[in-house]
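Each residue of the sequence shown is one higher than the last, beginning at -11 in the working numbering.
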Amino acid sequence: MAEATKLMVWIDQDLCTGDGICEEIAPDVFHGRDDGLWVVKEEASIFGKSIIFDGEAAPDGARGVARVPDDQVDIVVEAAEECPGECIMIEPYDEAIVADRGV
Ligand code: SF4
-11 MAEATKLMVW IDQDLCTGDG ICEEIAPDVF HGRDDGLWVV KEEASIFGKS IIFDGEAAPD
49 GARGVARVPD DQVDIVVEAA EECPGECIMI EPYDEAIVAD RGV
């Protein structure tokens, strides 16, 4: 289980084109919502609790920031580079952001 993570990621849904490339590249981190837009998630197998930042159980957009598993940094960066909407935002890990998510 990942106890530390260096990066976090979120998606600006206003720019998402809904093609799903991100989930094809990194299925543990990206998740397709019912409305055809993509959001980020944390898997219980990695972080001990499953959270989908879909705007329902957890916030989406800039407040729906998921921790990136350390061993998946490369594919998350690849997904951001391949994202046609240029809407995958990667940030340094910040404990205050995790506290602000409210989940
Ligand atoms: S790759 Fe980018 S534009 Fe495509 S679904 Fe994922 S976040 Fe949306």
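A virtual CB, placed ideally from N, CA and C, is assigned to each residue, including glycine.
* Which first and last residues belong to the beta strand (DSSP E) in which Phe41 is found? -> As a position in the sequence shown, residue 41 is number 53, starting the count at 1. Here Phe41 belongs to no beta strand (DSSP E), and DSSP marks it neither H nor E.
* Give a single yes or no on whether Thr(-7) has its beta carbon closer than 6 angstroms to a heavy atom of the ligand SF4. => Taking the first residue of the sequence shown as position 1, residue -7 is located at position 5. No, Cβ of Thr(-7) sits at least 6 angstroms from all heavy atoms of the ligand SF4.
* From the DSSP output, in three-state form, read off Glu79 for me. => Within the sequence shown, the letter at position 91 stands for residue 79. Note: Glu79 maps to strand in three-state DSSP.
* Considering Glu12, what are the terminal residues of the alpha helix (DSSP H) in which it resides? -> For the purposes of this step, residue 12 is identified with residue 24 of the sequence shown, where counting begins at 1. Glu12 -> alpha helix (DSSP H) spans Ile9 to Ile13.
* Say yes only if the C-beta of Trp(-2) is nearer than 6 angstroms to one or more non-hydrogen atoms of the ligand SF4, and no if none qualify. => Residue -2 sits at position 10 when you count from the first residue of the sequence shown. Every heavy atom of the ligand SF4 is 6 angstroms or more from the Cβ of Trp(-2), so no.
* **Identity of the residue in Ala46, Val65, Asp82 and Asp48 nearest Glu74 by Cα** => Reading the sequence shown from its first residue, position 86 is the one you call residue 74. Considering only alpha carbons, the answer is Val65.
* Is there at least one non-hydrogen atom of the ligand SF4 closer than 6 angstroms to the beta-carbon of Asp22? -> Here residue 22 refers to the residue found at position 34 when the sequence shown is read from its first residue. Incorrect: Asp22 has no Cβ contact closer than 6 angstroms to the ligand SF4.
* To do: Under 6 angstroms Cβ to Cβ from Cys4, same chain only, skipping five residues before and after it: list those, please.
  => On the sequence shown, position 16 is the one that residue 4 refers to. So the qualifying residues of the chain are Leu25, Trp26, Gly73 and Cys75.
* Asked: Which first and last residues belong to the alpha helix (DSSP H) in which Ala68 is found?
  -> By 1-based counting over the sequence shown, the position of residue 68 is 80. Run containing Ala68: Val61 to Glu70, per the alpha helix (DSSP H) assignment.
* To do: Return the Cβ separation of Lys29 and Ala67 in integer angstroms, given the expectation that the two are a contact with Cβ distance under 8 angstroms.
  => As a working mapping, residue 29 is identified with position 41 in the sequence shown. As a working mapping, residue 67 is identified with position 79 in the sequence shown. Wrong, their Cβ atoms sit about 13 angstroms apart, outside the cutoff.
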